[in-house]
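Undergrad: Position one of the sequence shown corresponds to residue 5 (the numbering used here), numbered consecutively onward.
Glycine is no exception: its CB is placed at the ideal position from the N, C-alpha and C atoms.
Predicted, not measured: the structure shown is a model, and the values here were computed from it.
Below you'll find the structure I mean.
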Amino acid sequence: MIKRNYVIDIVKREFEKYGFEPLETPTMELWETLSGKYGEEGDRLTYRFVDRGGREVGLRYDLTVPLSRVIAMHPQL
């Protein structure tokens, strides 16, 4: 992880030299925003649930697999 962060820091500094700014996108979206975005297969693979406010939300498909892996590796989380 240290080597990875080192490389990422170098890349970030180079991008910032040319005026690029970091962009963070939400991990979760309202289901109506995600639904259909990745096709039928993506809809089946997207983790979807109802939040405390009663809204149907989903974890972006591109983050579902990595998060599932972390949870499988660290069941105590």
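Check whether the segment 16 to 28 and the segment 40 to 59 are in contact - that is, three or more C-beta pairs closer than 8 Å.
TA: Result no; under three Cβ-Cβ pairs closer than 8 Å.
Undergrad: Of the choices Asp-66, Ile-12, Pro-26 and Met-32, whose alpha-carbon is the least far from that of Arg-59?
TA: It is Met-32 whose Cα lies nearest to the Cα of Arg-59.
Undergrad: Measure the C-alpha to C-alpha separation of Trp-35 and Tyr-65 and round it to an integer number of angstroms.
TA: For Trp-35 and Tyr-65, the distance between alpha carbons rounds to 11 Å.
Undergrad: Pull up the CB-CB distance for Leu-67 and Ile-75, whole angstroms please, since I reckon it's below 8 Å.
TA: No, Leu-67 and Ile-75 are not in contact; Cβ-Cβ is about 12 Å, not under 8 Å.
Undergrad: Exposed or buried, which one is Leu-38 when buried takes at least 16 other CB atoms within 10 Å?
TA: Classification for Leu-38: buried.
Undergrad: Rounded to whole angstroms, what's the CA-CA distance from Ile-14 to Thr-29? Just pull it up for me.
TA: Spanning the two alpha carbons is a distance of roughly 21 Å.
Undergrad: Check Gly-43 in the structure and name its three-state DSSP category.
TA: Helix, per DSSP.
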